[in-house]
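Student: Numbering follows our numbering, with no gaps: position 74 of the sequence shown is 1085.
Can you keep this structure in mind? I'll have questions shortly.
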Amino acid sequence: MSSTVNQMDQERKRSQAPATVKRVDGASTNIGDSQDHVHFTDGSALKRDGTWKHGPERNLSREERKWLIDKHGWTSPAKK
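Okay, here's the thing in structure tokens:
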């Protein structure tokens, strides 16, 4: 099951997301952002399909992986 950006951001606001999640943004086609994505506190951002939007490509922590992939149905990024 894939959750909406709003559901995920509400979890973040209630501290039910990993502390490393800074914000969750929806796709914005007017600026070429064709996918939902999550921003992390280290400056990286991951798209829903598992590709990195910007920042350092890195392995997700166990907590990030559980929240994004297991709970919200995002695609896992390739491991480094």
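Backbone N, C-alpha and C fix where the C-beta goes; we use that ideal spot for every residue, glycine too.
Here the structure is a predicted model, which is why all the values come from computation and not from measurement.
1) Please name the residue or residues paired with L1057 in a DSSP beta bridge.
2) My guess is that H1083 and K1064 are in contact by the Cβ rule of under 8 angstroms, so how many angstroms apart are they, rounded?
3) Using 7 angstroms as the threshold, is the C-beta distance between P1029 and W1078 below it?
4) Give every residue of the same chain whose Cβ lies closer than 7 angstroms to the Cβ of V1092, excluding the five residues on either side of it in the sequence, and list them in chain order.
5) At the level of alpha carbons, what is the spacing between D1053 and N1041?
Tutor: According to the structure shown:
1) In the DSSP output, where bridge partners are listed per residue, L1057 has V1049, W1063.
2) The Cβ separation is near 17 angstroms, so there is no contact.
3) Yes. Within cutoff.
4) With the chain running from 1012 to 1091 in the structure shown, residue 1092 is simply not present.
5) Approximately 26 angstroms, taken between the alpha carbons.
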